[in-house]
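Colleague: One structure, as structure tokens, below. Some questions next.
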Amino acid sequence: MGKNEELPWDLFDRCLLPVIFSHAAAVILSTILNSLYISQVSTFTLFLWFVVSSLGAVFFYHNLKVTAAGKTVLITDCTSKIGYAAARQLDDLGFTVFAGFQDKDKGSKSARKLKDESSGRLHTLQLDVTSEKEILAAAAYVKENLPHGTSGLWALVNSSTWAAFGEVEWIPFAVYKEATEVNLLSAIRITQVFLPLIRKTKGKTWFTDEVLLAQARHMWKSMSKEAQAEYGEDYFEQSVRSLETYTKGEEMDLTPVLRSLTDAACRTFPLPRYTSVTRSEKLQAFVADHLPRSVYDIIYT
């Protein structure tokens, strides 16, 4: 993989504002200097000076990295493919990883497999993010098992997600409530509990998103006859097929996601947001956001 492919696409967002401000500063300063007859320097010359200086500073602090030794990371849900893969990746890099599993106390095979495949630095623990008791127990376990000389948590990865696809009428209201509980309220609560540990190391919190389609058939059956007639089963089946690749774990390429997580873990100043996409996906998103729907349909359908 080339160096240009390793750079996260969102790095360009970090560079955008310095370029805009450099242009604005060049125009203002050039106007002032020319108006006062102090200098006849061109706007373009000033812009080049400002943009080279600002981008140089951006790339300098962007590339400052931390050492993984002694750094601890908690991943809330390693039952998910992203959480499991992230735990393996960060452990390989030398981080001390606390991997949460919703079903560890029930003899989770995934938890045992992860423990066997990883170094002695990795800990597995029972953690259901909707359970106050388990959140507090996990916090106590992390405190007791921090590496020697470590005062807190370097990163909290909120990988617990609950979502469903489809039109508003397709999704049972119970799913909306579950999604709010897991994605919002539980994320807030677990961040509250672990924030004192994160503050001690001036660490960070990450949030990941996954799309879960397991409820597709249940949603169709739960819809009213009127809604089924309005949308039609053909439209529903087409929507399911269009997102089918996300449900097939063996076909999912987690490389962009893991690259983003690794980048965030290892940099002193990580990006505020990572969009884990390929070049073609980034271009597709740009077309969808900025061009007419008809153009998007011609290109991608």
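Quick note: the sequence shown uses my numbering, first residue 9, plus one each step. Think of the CB as a built atom: it goes at the ideal place given N, C-alpha and C, for glycine as much as any other residue. No experiment lies behind these values; they were computed from the predicted model shown.
1. Is Phe58 closer than 9 Å to Phe29 when the C-beta atoms are compared?
2. Which residues in the same chain have their Cβ closer than 8 Å to the Cβ of Gln97, if we skip the five residues on either side of it in sequence?
3. Run through DSSP, which three-state label would Trp214 get?
4. Thinking just about the alpha-carbon of each residue, which of Ser38, Ala93, Phe106 is nearest to the one in Asn153?
5. DSSP three-state label for Leu19, please.
6. Here's the rule: buried if 16 or more other CB atoms are within 10 angstroms of the residue's CB, otherwise exposed. What is Phe181?
7. Pairing CB atoms from the segment 44 to 62 with CB atoms from the segment 132 to 140, are three or more of them under 8 Å?
8. What are the boundary residues of the beta strand (DSSP E) that includes His70?
9. With a cut-off of 8 Å on the beta carbons, I'd call Lys89 and Leu262 a contact; round off their distance for me.
10. CB Ser159 to CB Val190, shorter than 9 Å?
11. Which value, in whole angstroms, describes the spacing of the CA atoms of Thr213 and Tyr308?
12. Residues in the same chain with beta-carbon distance under 8 Å from Tyr69, minus the five sequence neighbours each way, listed in chain order, please.
13. Quick one: what does DSSP say Arg275 is sitting in, helix, strand or coil?
14. For Val74, which three-state DSSP category applies?
15. Please say whether Leu130 and Val201 have beta carbons closer to each other than 9 Å?
16. What residue range does the alpha helix (DSSP H) around His298 cover?
17. Just mark Val81 as buried or exposed, buried being the case when its beta carbon has 16 or more other beta carbons within 10 Å.
18. Could you tell me which of Val35, Arg287, Cys274, Tyr92 sits nearest to Arg120, measuring between CA atoms?
19. Specify, as a first and last residue, the run of the beta strand (DSSP E) that Leu133 falls within.
20. Where does Thr309 fall in DSSP's three states?
21. Name the DSSP bridge partner or partners of Ala163?
22. Return helix, strand or coil for Gln223, following the three-state DSSP convention.
23. Taking the beta carbon of Gly257 as the centre, do at least 16 other beta carbons fall within 10 Å, making it buried, or is it exposed?
24. Please report the distance separating the alpha-carbon of Asp297 from that of Leu291.
25. Out of Lys112, Lys79, Asp124, point me to the one whose CA is closest to Ala332's CA.
26. CA-CA distance, Thr188 and Lys73?
27. Determine which residues share a DSSP beta bridge with Val176 and list them.
28. Return the first residue and the last residue of the beta strand (DSSP E) that Val105 is part of.
29. Determine the extent of the alpha helix (DSSP H) in which Tyr282 is found, giving its start and end residues.
Modeller: Taking the coordinates as given:
1. yes
2. Leu266, Leu269, Thr270
3. strand
4. Phe106
5. helix
6. exposed
7. no
8. Not the beta strand (DSSP E): His70 falls in the alpha helix (DSSP H), residues 51 to 70.
9. 7 Å
10. no
11. 35 Å
12. Thr276, Phe277
13. strand
14. coil
15. no
16. 287 to 298
17. buried
18. Tyr92
19. 131 to 134
20. coil
21. Val81, Lys212
22. Any reading at Gln223 needs caution, since the residue's pLDDT is 49, under 50, leaving its predicted position unreliable; the model's value is listed next. Coil at Gln223, not helix or strand.
23. Unreliable positioning characterises Gly257 in this predicted model, as indicated by a pLDDT of 46, which lies under 50. The coordinate reading is nonetheless provided below. That one is exposed.
24. 10 Å
25. What the structure shows of the chain is the stretch from 9 to 309, and residue 332 is not part of that stretch, so it cannot be assessed.
26. 35 Å
27. Answer by DSSP bridge pairing: none, since Val176 is not bridged.
28. 104 to 109
29. It is not in any alpha helix (DSSP H) - Tyr282 carries neither H nor E in the DSSP assignment.
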